[in-house]
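Q: Chains as they are written, first to last, in the working numbering: chain A, 1 to 295; chain B, 296 to 621; chain C, 622 to 948. Please see the structure below; I have some questions.
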Amino acid sequence: MAATAEQLQALARIEKSPGYWQTVGRRLMRDPVAVGAGIIILILLSLAIFAPWIAPHDPYHGRMLGRLSPIGTPGHPLGTDELGRDMLSRLIYGGRLSLFMGITPVFIAFFVGSAIGVAAGYIGGTFNSIVMRTLDVLFAFPSVLLAIALSGALGAGIVNGLIALTVVFIPPIARIAESVTTSVRKLEYVEAARASGANAFTVVRVHVLGNVLGPIFVYATSLISVSMILAAGLSFLGLGVRPPEPEWGLMLNTLRNAIYVQPWLAALPGVMIFLTSISFNLLSDGLRSAMDIKT
Amino acid sequence: MTASPILQVDGLVKHFPIKGGLFGKRQVVRAVDGVTFDVAAGETLGIVGESGCGKSTTARLLVQLIEPDTGQITFNGKLLGRDLSLRELRRHVQMVFQDSYASLNPRLTMEDAIAFGPQVHGVPEGKARQLARDLLDRVGLDPQRFAGRYPHELSGGQRQRVNIARALAFEPEVIVLDEAVSALDKSVEAQVLNLLVDLRQERKLTYVFISHDLNVVRFISDRVMVMYLGEVAEIGPVEDIYERPGHPYTQALLAAMPSMDPDQRTEKVPLSGDPPNPINPPSGCRFHTRCAHAFARCGQVAPPPIELNPGHRAACHLLREEPKAA
Amino acid sequence: MSKPPLVEVEDLTVRFKGARDVYAVNGVSFTLDEGEVLTILGESGSGKSVTLKTLLRLLPENRTDIGGKVRVGGEDVLAMQGRKLADHRGGTVSMIFQDPMLALDPVYTIGEQIAEAVIRHEKVSSKAAMARALEMLERVRIPSAARRLKAYPHEMSGGMRQRAMIALALACKPKLLLADEPTTALDATVQIQILLLLRELQQEFGMSVIFVTHDIGVAVEVSDRIAVMYAGAFVETGTTREIIREAKHPYTHGLLAANLVGAKPGQRLDAIPGAPPALETRPTSCAFAPRCKHAMDICRAKLPPIRRWHDRRWVSCVLAAEEHASA
């Protein structure tokens, strides 16, 4: 075809604006707090992933003689726990389960909750009322209680803990998804798309999802810290991860008797939880303002 | 003038229920209450009225963004729902909205936004993109500069040109313009009006042009329909309406226009008070609460439309009392 | 001979600082006598609202650079501080806005809001202040004013709210009323009511008014004089008659055409092409030249000369100056 070369040339001459996510990324990079939080999260993630190569000791191996050695003990820079296991190694390994328990339920709930919320928001009417009121029943329970009740009913264990946390996060995400979708649905570009004769599925795919998933995603990232703390709480209560697995919440629990002997040591898992959750929160805040592109 | 109607609207009614709380009375907004009119092929029908008169609801009903409670829409002699599917109607009748920013998906480039419609109707992507670029060019935006842009990078006037291009992409016969130039600055508004005038001629388009600006409506319309609280007060050829308005409301609307003459400023308020709420419209003639000429019957019986001249009708009891000699 | 003007603005410049600077107002000068109505006519971004807000010092101080002189009643507005500024705002000068819903406080009744303003500026008893509030509502022709005194803003219709806001603005008998597009959001039949009301009140109170609008029709209804503003500067000033009948600046001509004055239905309009400049730098040549069909090389090279008939009638355009020279 003779026209193809010409068309290609025309295409090449079109000035392309940076896409939306590209712009968001550039704006995010200009926010020092968000960048810092992102770097901390990256470090924590790589520590967790490469734990076997980084950790100096076996996190399960304890020495009865070296219990609760203080921070700065030679060979154990962060001391040892109540069973004489190396704290540094346990904190590094603990990140694996803690981050996993923090991110996975939110990740699953993001998909399930968005699907429910977008459907309810776009279809509206009675369907919306039924779905949202049902979710409100779940939402009415304080999230901690709901998580405890669910994992109590399902029994202790990682998988049951994950299920419980996922169920806890579906209603809030669905709610946000529903409200964002309802407001986007009323915008005129969605009306214009409907007036083009496109079916509901196409309108949602092209015109709704792109504009609602961003805000939902931001909200979801802010839930990661909640999820981590809840997961830690479940472990603390003996409902989530079981000993001897290294996990920050569980470590906090088992070290709580040592608080009078080695308070700084006992606080270390708490510091990790705090650091991770605040990093996720700050990143989420940065993302929110980076996505708010007006002009 | 004898052209066959391309669009016939008969007895359109749309009431919106509003929730009156748990124990409150269920009330309805009578947004559009029995509106009937025709639009001839190639003409421009202007619809004017104040807020709450139902002009925007009428626009949305025409493209079926909302469904009427009762009433029929016939396009080119084909009755919607019987001889004509919704999908077909939407290809032939397109709409341009007032808010140029809200009308464009912030995540789509201008080219994608325009090409979306044709693709929905089965045009292959490459062809749709080419069409989008041609249309950008036609509405006065250099495709090389604008095809890859996002809505927030354009000015209001440029965005409204894109919205017009998007409507044109369907090759529609009718375009409903709902306050399409109202949000623009005057100098930009004039440019877009010029574009609309050119396109109308070039593509034999029919416009339904909704605006609160009587100057603009006079400029662009062949016929004008005046609405008040969900009903048609008066309809007729543009010069009849502006020179010989029959309905007291139309007279008041025209008198309310700023005079543009420093030596003949408006001295008397033509109409007092705000337009009443369409939730509980007045009985009888809906205008009687603000009308200077209202008499007993106006509050009791709704006036039927009365033909003043061929094609010029007004719904007012006064016109029946006096013979047509005037 | 005559009293000094109430408002004197001299070479006013306003620059917004930020990621990108905006030179919003670039050398605006005008005077306004007592009892006079001036309209600043311009499109969005022309700097007309910014000029108005400077008179009340309403611009965010940390993000704006204001230069030039602004005097109201002989007082230097830009130097005002504390108590003096508070008396100036709402006392000497008050303002009405396009959206009364934003200007009125939703949690207080109309009566309370007017009375509060009166007490703040005049130190009268709350009873006297309430009586003044009632009087004001009557003067802006709100029907059954006594009942409306106890109404909240959301309980009123758009036109009534606008009247209530005018009552609030005039409660302390200001010498100068600033009106920022107060009728733009209103329906046509309500707009003309408010315009006529403002005209009557202006004469009753004998105050000066600066009216900002984009609508020439509105300007003609209310003003004695018009200043046409473009890209942060006045391009032409004169009496309303002079601007409507003998406009000299191409931009004024374009605006008149865009308002469809004498337009032939269905014929192409003589529209101004293009869009106003972004004002990221201060213009060093005629800001309108890129859109002007008469533009010459000299227009793009330097700021246009001003042809001045007298203090209040001038045009800043090379064409008018040449016409003068050859005549």
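Note that beta-carbon positions come from the ideal geometry of N, C-alpha and C, so glycine has one too. Bear in mind that the values here come from a model prediction, so they are computed numbers and not experimental data.
Given that Pro128/A touches chain B, what residues does it touch there, using C-beta distances under 8 Å?
A: Contrary to the premise, residue 128/A reads as Asn rather than Pro in this sequence. Residues of chain B passing the Cβ test: none, with the nearest at roughly 14 Å.
Q: Mapping DSSP to helix, strand and coil, what is Lys481/B?
A: DSSP places Lys481/B in helix when its eight states are reduced to three.
Q: Which term fits Val476/B, buried or exposed, when burial requires 16 or more other beta carbons within 10 angstroms of its beta carbon?
A: So Val476/B counts as buried.
Q: Please state whether the Cβ-Cβ distance between Leu360/B and Ala220/A is less than 8 Å.
A: No; because the gap between Cβ atoms is not below 8 Å, this pair is not in contact.
Q: Using three-state DSSP, classify Ser395/B as helix, strand or coil.
A: Coil, per DSSP.
Q: Taking 8 Å as the CB-CB limit, is Leu187/A close to chain B?
A: For Leu187/A, the answer is yes, since a Cβ of chain B falls inside 8 Å of its Cβ.
Q: According to DSSP, simplified to helix, strand and coil, what is Ala475/B?
A: Coil.
Q: Should His583/B be counted as a contact of the ligand GTP given a C-beta to heavy atom distance under 7 Å?
A: Absent from the structure shown: the ligand GTP. Ligands present: none.
Q: Relative to chain B, which residues along the stretch 17-28 of chain A have a C-beta separation below 7 Å, given in chain order?
A: So the list reads Ser17, Tyr20, given in the order they occur along the chain.
Q: Could you give the DSSP three-state label for Ser665/C: helix, strand or coil?
A: Residue state, collapsed to three classes: coil.
Q: Can you say whether Arg402/B is buried or exposed, counting buried as having 16 or more other CB atoms within 10 angstroms of its CB?
A: Buried: at least 16 other Cβ atoms inside 10 Å.
Q: Which residue's Cα is closest to the Cα of His709/C: Ala736/C, Arg741/C, Ile735/C, Pro721/C?
A: Looking at the Cα atoms, Arg741/C is the closest of the given residues.
Q: For Glu631/C, I'd like the list of residues in its chain whose CB is within less than 6 Å of its CB, leaving aside the five on either flank, ordered along the chain.
A: The residues are Ser650, Gly689, Lys690.
Q: Between which residues of its own chain and Ala3/A is the CB-CB distance below 6 Å, once the five residues before and five after are set aside?
A: Annotation note: pLDDT 49 at Ala3/A (below 50); position unreliable, coordinate value reported separately. None.
Q: What did DSSP end up calling Asn253/A once you bin it into helix, strand or coil?
A: Note: Asn253/A maps to helix in three-state DSSP.
Q: Using beta-carbon positions only, say whether Val646/C and Thr672/C come within less than 8 Å of one another.
A: It is a contact, given that the beta carbons lie within the stated cut-off.
Q: What first and last residue would you give for the alpha helix (DSSP H) that runs through Gln824/C?
A: 809-826 is the span of the alpha helix (DSSP H), which, as asked, contains Gln824/C.
Q: So, Arg753/C versus Arg784/C, is the Cβ gap smaller than 8 Å?
A: It is not a contact, given that the beta carbons lie outside the stated cut-off.
Q: Drop a sphere of 10 angstroms on the beta-carbon of Leu723/C, count the other beta-carbons inside from all chains shown, and report buried for 16 or more, exposed for fewer.
A: That one is exposed.
Q: Thr713/C by DSSP, collapsed to three states: which one?
A: Coil, per DSSP.
Q: What does DSSP give as the partner residues of Thr73/A in its beta bridges?
A: Its beta-bridge partners are His76/A.
Q: CB Pro18/A to CB Leu265/A, shorter than 8 Å?
A: Their beta carbons are not under 8 Å apart, which means Pro18/A does not touch Leu265/A by this criterion.
Q: Consult DSSP for Phe411/B and reduce its assignment to one of helix, strand or coil.
A: Correct three-state label for Phe411/B: helix.
Q: Indicate whether Phe637/C and Thr713/C have their beta-carbon atoms separated by less than 8 Å.
A: Not closer than 8 Å, so no.
Q: Hey, how far is the Cα of Gly579/B from the Cα of Tyr537/B?
A: The straight-line gap from Cα to Cα measures roughly 26 Å.
Q: Contact criterion: CB-CB distance below 8 Å. Does Arg288/A meet it with respect to chain B?
A: It does not; no Cβ of chain B falls within 8 Å.
Q: What separation, rounded to the nearest whole angstrom, lies between the Cα atoms of Leu145/A and Leu138/A?
A: Their backbone Cα atoms lie some 11 Å apart in a straight line.
Q: Can you pull the chain A neighbours of Val469/B, defined as C-beta to C-beta under 8 Å?
A: What Val469/B touches in chain A: nothing, since even the nearest Cβ is about 12 Å away.
Q: Considering only residues of the same chain and omitting the five flanking positions on each side of Arg912/C, which have a CB-CB separation below 7 Å?
A: Contacts found: Ile893, Pro894, Gly895.
Q: Using only alpha-carbon positions, find the residue among Phe582/B, Tyr544/B, Pro532/B, Arg513/B that is nearest to Leu603/B.
A: Among Phe582/B, Tyr544/B, Pro532/B, Arg513/B, the Cα nearest to that of Leu603/B is on Pro532/B.
Q: For chain A, find out if any of its Cβ atoms is closer than 8 Å to the Cβ of Ser346/B; answer yes or no.
A: It does not; no Cβ of chain A falls within 8 Å.
Q: For Asp697/C and Ala120/A, I'd like the C-alpha separation in whole angstroms.
A: Whole-angstrom Cα-Cα distance: 59 Å.
Q: Determine, using beta carbons only, whether Asp305/B comes closer than 8 Å to chain C.
A: So, not an interface residue.
Q: Does any C-beta atom of chain B lie closer than 8 Å to the C-beta of Thr202/A?
A: Closer than 8 Å to some Cβ of chain B, the Cβ of Thr202/A qualifies, so yes.
Q: Should the stretch 369-380 of chain B be called in touch with the stretch 450-457 of chain B, which here means at least 3 C-beta pairs below 8 Å?
A: No contact exists between the stretch 369-380 of chain B and the stretch 450-457 of chain B.
Q: Rounded to a whole number of angstroms, what is the C-alpha to C-alpha distance between Arg440/B and Val388/B?
A: When rounded, the distance between both Cα atoms is 29 Å.
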